[in-house]
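Trainee: One point on numbering: in numbering that gives the first Met the number 0, the residue at position 45 of the sequence shown is 44, and numbering is uninterrupted. The structure is given below, and queries will be raised subsequently.
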Amino acid sequence: MVSMPEALLLFALHDDKGTVQPSAFLALDHALRGALLSELRCRGYLQTKASGQVRLHPSPPAPPAESVLARALAAVGELELPAETGAALDAVQRELPNLRDDLAGALAERGILSEAHVERLGLADGAGPVLAVRRLEGLLEGG
(Lines of atoms letter the chains of each structure in order from A and count residues from 1; the text may use other names and numbers.)
(Lines give C-alpha, C1' and ligand atoms only; values in the text may rest on other atoms or scores of the structure.)
Protein backbone atom coordinates (compact mmCIF):
# COMPACT_ATOMS: atom_id res chain seq x y z
CA MET A 1 0.00 0.00 0.00
CA VAL A 2 1.25 3.49 -0.78
CA SER A 3 0.86 6.53 1.42
CA MET A 4 -0.89 9.71 0.32
CA PRO A 5 2.36 11.57 -0.40
CA GLU A 6 3.70 8.62 -2.40
CA ALA A 7 0.48 8.40 -4.44
CA LEU A 8 0.56 12.15 -5.03
CA LEU A 9 4.13 11.96 -6.30
CA LEU A 10 3.24 9.12 -8.67
CA PHE A 11 0.25 11.01 -10.05
CA ALA A 12 2.37 14.14 -10.53
CA LEU A 13 4.70 12.32 -12.92
CA HIS A 14 4.25 12.83 -16.66
CA ASP A 15 3.26 9.53 -18.29
CA ASP A 16 5.44 9.96 -21.37
CA LYS A 17 8.45 11.89 -20.12
CA GLY A 18 8.66 10.57 -16.59
CA THR A 19 9.31 14.01 -15.17
CA VAL A 20 7.08 16.01 -12.86
CA GLN A 21 4.16 17.56 -14.73
CA PRO A 22 4.91 21.25 -15.40
CA SER A 23 1.57 22.25 -13.90
CA ALA A 24 2.47 20.44 -10.66
CA PHE A 25 6.13 21.39 -10.46
CA LEU A 26 5.93 24.50 -8.26
CA ALA A 27 3.17 23.27 -5.97
CA LEU A 28 4.32 19.67 -5.58
CA ASP A 29 6.64 20.10 -2.59
CA HIS A 30 3.98 22.03 -0.66
CA ALA A 31 1.35 19.44 -1.55
CA LEU A 32 3.63 16.57 -0.51
CA ARG A 33 4.15 18.13 2.92
CA GLY A 34 0.40 18.60 3.31
CA ALA A 35 -0.15 15.00 2.23
CA LEU A 36 2.35 13.88 4.88
CA LEU A 37 0.40 15.65 7.61
CA SER A 38 -2.85 14.24 6.21
CA GLU A 39 -1.41 10.72 6.24
CA LEU A 40 -0.29 11.14 9.84
CA ARG A 41 -3.75 12.44 10.72
CA CYS A 42 -5.51 9.54 8.99
CA ARG A 43 -3.28 6.98 10.69
CA GLY A 44 -4.07 8.42 14.13
CA TYR A 45 -0.77 10.12 14.96
CA LEU A 46 -2.04 13.69 14.76
CA GLN A 47 -5.22 15.50 15.62
CA THR A 48 -6.40 18.70 14.01
CA LYS A 49 -8.60 21.39 15.43
CA ALA A 50 -11.13 23.53 13.62
CA SER A 51 -8.92 26.51 14.49
CA GLY A 52 -6.24 25.15 12.15
CA GLN A 53 -3.99 23.76 14.86
CA VAL A 54 -2.25 20.41 14.98
CA ARG A 55 -1.36 18.32 18.01
CA LEU A 56 -0.17 14.81 18.70
CA HIS A 57 -2.85 12.22 19.30
CA PRO A 58 -2.92 11.36 23.03
CA SER A 59 -2.99 7.61 22.30
CA PRO A 60 -1.31 7.06 18.91
CA PRO A 61 -0.63 3.67 17.34
CA ALA A 62 2.89 2.21 17.24
CA PRO A 63 5.41 4.52 15.54
CA PRO A 64 5.23 4.47 11.74
CA ALA A 65 7.58 2.04 10.04
CA GLU A 66 8.12 4.35 7.07
CA SER A 67 11.13 6.60 7.56
CA VAL A 68 9.54 9.64 5.91
CA LEU A 69 6.45 9.42 8.12
CA ALA A 70 8.50 8.82 11.26
CA ARG A 71 10.73 11.81 10.53
CA ALA A 72 7.75 14.06 9.79
CA LEU A 73 6.03 12.96 13.00
CA ALA A 74 9.20 13.64 15.01
CA ALA A 75 9.50 17.10 13.45
CA VAL A 76 5.93 17.97 14.43
CA GLY A 77 6.48 16.50 17.89
CA GLU A 78 9.37 18.91 18.51
CA LEU A 79 7.04 21.91 18.17
CA GLU A 80 5.26 23.53 21.06
CA LEU A 81 1.86 21.88 20.63
CA PRO A 82 -0.80 22.58 19.69
CA ALA A 83 0.83 24.40 16.79
CA GLU A 84 -0.51 26.17 13.74
CA THR A 85 -0.66 23.94 10.69
CA GLY A 86 1.75 26.29 8.91
CA ALA A 87 4.32 25.77 11.67
CA ALA A 88 3.92 22.00 11.31
CA LEU A 89 4.42 22.25 7.55
CA ASP A 90 7.54 24.38 8.11
CA ALA A 91 8.90 21.81 10.61
CA VAL A 92 8.38 19.04 8.05
CA GLN A 93 10.15 21.13 5.41
CA ARG A 94 13.17 21.62 7.68
CA GLU A 95 13.33 17.92 8.57
CA LEU A 96 12.72 16.64 5.03
CA PRO A 97 14.25 19.18 2.63
CA ASN A 98 14.57 16.51 -0.10
CA LEU A 99 11.09 15.08 0.30
CA ARG A 100 10.61 14.22 -3.39
CA ASP A 101 13.82 12.22 -3.41
CA ASP A 102 13.00 10.56 -0.08
CA LEU A 103 9.59 9.46 -1.34
CA ALA A 104 10.98 8.30 -4.68
CA GLY A 105 13.62 6.29 -2.83
CA ALA A 106 10.97 4.65 -0.66
CA LEU A 107 8.97 3.78 -3.77
CA ALA A 108 12.09 2.32 -5.39
CA GLU A 109 12.85 0.21 -2.32
CA ARG A 110 9.44 -1.40 -2.68
CA GLY A 111 9.81 -1.89 -6.43
CA ILE A 112 7.14 0.62 -7.42
CA LEU A 113 9.75 2.77 -9.15
CA SER A 114 13.05 1.46 -10.45
CA GLU A 115 16.32 2.96 -9.24
CA ALA A 116 16.92 4.29 -12.74
CA HIS A 117 13.62 6.13 -12.56
CA VAL A 118 14.43 7.68 -9.23
CA GLU A 119 17.53 9.47 -10.47
CA ARG A 120 16.54 13.16 -10.47
CA LEU A 121 12.98 11.94 -10.89
CA GLY A 122 14.19 11.96 -14.48
CA LEU A 123 12.41 8.71 -15.22
CA ALA A 124 14.19 8.88 -18.55
CA ASP A 125 12.64 6.04 -20.51
CA GLY A 126 9.08 7.27 -20.09
CA ALA A 127 7.66 3.84 -19.28
CA GLY A 128 8.37 4.17 -15.58
CA PRO A 129 5.44 6.37 -14.60
CA VAL A 130 2.98 4.33 -16.62
CA LEU A 131 4.21 1.13 -14.99
CA ALA A 132 4.23 2.80 -11.58
CA VAL A 133 0.66 4.01 -11.95
CA ARG A 134 -0.45 0.56 -13.14
CA ARG A 135 1.29 -0.98 -10.13
CA LEU A 136 -0.35 1.63 -7.87
CA GLU A 137 -3.75 0.79 -9.33
CA GLY A 138 -3.08 -2.88 -8.63
CA LEU A 139 -2.10 -2.10 -5.03
CA LEU A 140 -5.24 -0.02 -4.53
CA GLU A 141 -7.34 -2.88 -5.92
CA GLY A 142 -5.64 -5.28 -3.53
CA GLY A 143 -3.46 -6.97 -6.19
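Don't be surprised by glycine CBs; every beta carbon is placed ideally from N, CA and C.
(1) I'd like to check one pair, ARG54 with LEU81: are the Cβ atoms closer than 8 Å?
(2) Given this structure, state the Cα-to-Cα distance separating ARG40 from GLN92, to the nearest angstrom.
(3) What residue range does the alpha helix (DSSP H) around VAL91 cover?
(4) Using three-state DSSP, classify VAL75 as helix, strand or coil.
(5) Note the first and the last residue of the continuous beta strand (DSSP E) segment covering ARG54.
(6) For LEU4, count neighbouring Cβ atoms within 10 angstroms of its own Cβ and tell me buried if that reaches 16, exposed if not.
(7) Give the range of the beta strand (DSSP E) segment to which LEU45 is assigned.
(8) Excluding the 5 residues flanking ALA74 on each side, which residues of the same chain have their C-beta closer than 6 Å to its C-beta?
(9) Excluding the 5 residues preceding and the 5 following SER37 in the sequence, name in chain order all residues of the same chain whose CB lies nearer than 6 Å to its CB.
(10) Report the three-state DSSP secondary structure of VAL67 (helix, strand or coil).
Mentor: Walking through what the data contain:
(1) Per the sequence shown, residue 81 should be read as Pro rather than Leu. Yes, Cβ-Cβ distance for PRO81 and ARG54 is below 8 Å.
(2) A straight-line Cα-Cα distance of about 17 Å links ARG40 and GLN92.
(3) 84–94
(4) helix
(5) 52–55
(6) Note on residue identity: the sequence assigns Pro, not Leu, to residue 4. When all chains shown are included, PRO4 counts as buried.
(7) 45–47
(8) ALA90, VAL91, GLU94
(9) Cβ neighbours of SER37 beyond the five flanking positions: MET3.
(10) Taken through DSSP and simplified to helix, strand or coil, VAL67 comes out as helix.
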